[in-house]
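As structure tokens, the structure follows; a few thoughts come after it.
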Amino acid sequence: MAPSTMTRTHALRMAGTVLTCAVAAGSLAGCSSGNATSAASSAPSVSASKPPPSDPGQAAKDKVLAAYTNMREIQIKMAADGKVHTEDVAKFAKEDAAADLKSFALLNTSENIKYTGRPEMSPTVVSVDIKNRTATLSDCFDTTNWKPVDRDSGKPVQLTDQRLEYPVKSQAMLEGDTWLITEITADRTKGC
């Protein structure tokens, strides 16, 4: 746009804003510069305005939490159908966490156990270190309504005495632009 056209456009917008304020002044106590700003911002602008940048720390926390939640959903699926979903696990977990999930599924299959119901979870991201690409989560994992049963008969299976609700600490790392859970440590000696 030529400078004279931009000036003319700007002048027309300002005139429209002043007119809007003048009309509104009849019903309102006054017209502040805040009203002029909001009226001007609702008019089409020559340059597109960008939304303010989001908090990168919060965005990272959201992604870490999503990785943990999705990893747990894969675990629930494997416990129900008795299959090791290696490709699905790899999307959300690696290292010790991935190995633990696969071992859990294989053990259940070898003992002809499947799980019914769902565990309750309340994960939170304790910390995110964007520079070192790591994060820590804590969870209260409650298996009260997640029951092991015999795959063939459907009868409940009594596992060794252990708490049904216990704290879990997990570690995550950023690989490329994907957060992956790398370690899950359950403390079944205490409740949460």
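Each step along the sequence shown adds one to the number in our numbering, with nothing skipped, and position 150 is 143.
Ideal Cβ positions, reconstructed from N, Cα and C, are used throughout, including at glycine.
The stretch 71 to 89 makes contact with the stretch 157 to 175: 3 or more CB pairs, one atom from each, lie closer than 8 Å. Contact between Val57 and Ile67 does not hold, since the beta-carbon distance rounds to 16 Å and is not under 8 Å. Nearest in C-alpha terms to Thr153, of all of Asn63, Met114 and Pro141, is Pro141. The beta carbon of Leu157 is closer than 8 Å to those of Asp135, Thr136 and Thr137 in its chain, skipping five residues each way along the sequence. A check of alpha carbon separations from Pro116 across Thr171, Thr62 and Ala128 identifies Thr62 as the nearest.
Looking at the DSSP output, Val142 sits in a beta bridge with Lys107 and Pro149. Of the residues Met64, Met71, Ile177 and Ala60, the one whose Cα lies closest to the Cα of Ile106 is Met71. Between Cys185 and Pro149, the beta carbon gap of about 24 Å keeps them out of contact (Cβ cut-off 8 Å).
Taking a C-beta distance under 9 Å as the contact criterion, Ile177 and Asp55 do not qualify as a contact pair. For Pro116, the secondary structure class from DSSP, reduced to helix, strand or coil, is coil. Comparing alpha-carbon positions, the option among Ile174, Arg111 and Gly169 lying closest to Leu130 turns out to be Ile174. The C-beta separation of Ala53 from Val121 comes to about 5 Å, placing the pair in contact by the 8 Å criterion. Distance from the Cα of Trp139 is smallest, within the candidate group Lys124, Lys95 and Ile69, for Ile69. If you compare the alpha carbons of Asp132, Thr127, Gln155 and Arg144 with that of Gly169, the shortest gap goes to Thr127.
A distance below 6 Å between beta-carbons, with the five flanking residues on each side excluded, links Lys76 to no residue of its chain.
Between Arg144 and Pro112, the alpha-carbon positions lie close to 18 Å from each other.
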